[in-house]
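One structure is given here, and the rest of the page talks about it.
Numbering (my numbering), first residue to last: 363 to 745.
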């Protein structure tokens, strides 16, 4: 009877836990369906759950004479000798092989979060020496290390190059894209999992992609409404601490429902982005202008020179002289002055500028002048 009673209690506990997860999950889905805004998974990420960068060094062999020139890349020959020595092949002293079909490369990859041993990841192979092209080459086994010095993946495979190059005997050549760099889809096998903070502690921290106090407060409020009071609290304008189940499977189900919650994020601050190279101007929605009058016109100065031949009188003893006559013409376009009323919105700014008919470069000059005058209520960012 005691064993049966313990089994019943264990079954009741499992059923209660399942019902709790199901109720929370359905409540979150209903709350998400009732709103039309952005999802939490698009606004924030979990602290400690991130990708890790890997890097390694290797040799690409099998090239069609487009490898490193050993006179300018001695490390390629050194690497090949070290590799051959591992297989019991020792080159005679003084031997300097000309390796036109071998290239020394760097291998880089990104280890996704929760990647497990045996899974494959994509890698990028880039020439270190003076190899002209990696097309048709094969990367030999190369270990990929993380920032801590540990090996997390092993890379090997055929390099896929998107560019090509061709040259003639007269020195002419043509290159499309970058043939000295390529990729190997699934070219690395994960050998070790990176540590993750997902299952550590009794809470998770959500970090906003764009720090904003309003969005941080609204996100915490949305979680508390859907799950329960004091489940989430804002730490600052970026981080929100969320109480999560201790069991790993429950935590996964909890976060699966949580990331589908939606909310109205806080609107961005008033900004004007100017690309000085292309003349592109992006004006934010909340940009406002204080009362100001703007007059913008272009002054055109045209200088022309024309030769003038001066000939002396037939009875005089003078000589023919060539002189230059200069004409200067100054024109200024007649542009009307336009007035910005208090609290002018984005649409009114655009209409006023279009009436004057200024080019993007002139618009940049107007915005900078308004900023200097203190009439522009926005952050002016030049990229």
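Beta carbons are placed, not taken as given, at the ideal position from N, Cα and C, and that holds for glycine.
With a 10 Å radius around the Cβ and a threshold of 16 neighbouring Cβ atoms, residue 503 comes out exposed.
In chain order, 421, 430, 435, 437, 438, 441, 490 and 491 place their CB closer than 7 Å to the CB of residue 466, counting only its own chain and leaving out the 5 sequence neighbours on each side.
Scanning 742, 571 and 610 for the CA closest to the CA of residue 404 turns up 571. Within the DSSP bridge table, the entry for residue 470 names 417 and 486 as partners.
Rounded to whole angstroms, the separation of the alpha carbons of residue 573 and residue 630 is 10 Å. Within the same chain, Cβ atoms closer than 6 Å to the Cβ of residue 610 are found at 561, the five residues on either side in sequence being excluded. Between residue 553 and the set 681, 741, 505 and 622, the nearest pair of CA atoms involves 505. Taking one beta carbon from each stretch, the region 631 to 648 and the region 599 to 614 have fewer than 3 pairs nearer than 8 Å; the two do not touch.
The beta carbon of residue 483 sits closer than 6 Å to the beta carbons of 471 and 550 from its chain, once the five residues preceding and following it are set aside; these are given in chain order.
When C-beta atoms of the region 581 to 593 are compared with those of the region 607 to 624, three or more pairs fall below 8 Å, so the two segments count as touching. About 5 Å separates the beta carbon of residue 556 from that of residue 414, a gap short enough to meet the 8 Å contact definition. Residue 605 is bridged by DSSP to 565. Within the same chain, Cβ atoms closer than 8 Å to the Cβ of residue 432 are found at 438, 439, 458, 459, 460 and 461, the five residues on either side in sequence being excluded.
Apart from the 5 residues on each side of it in sequence, residue 596 sits with its Cβ closer than 6 Å to the Cβ of 578, 579, 582 and 602 in its chain, given in chain order. Minimum Cα-Cα distance from residue 733 among the listed residues 637, 633, 669 and 682 corresponds to 633.
Cβ atoms of residue 519 and residue 496 stay farther apart than 8 Å, at about 12 Å.
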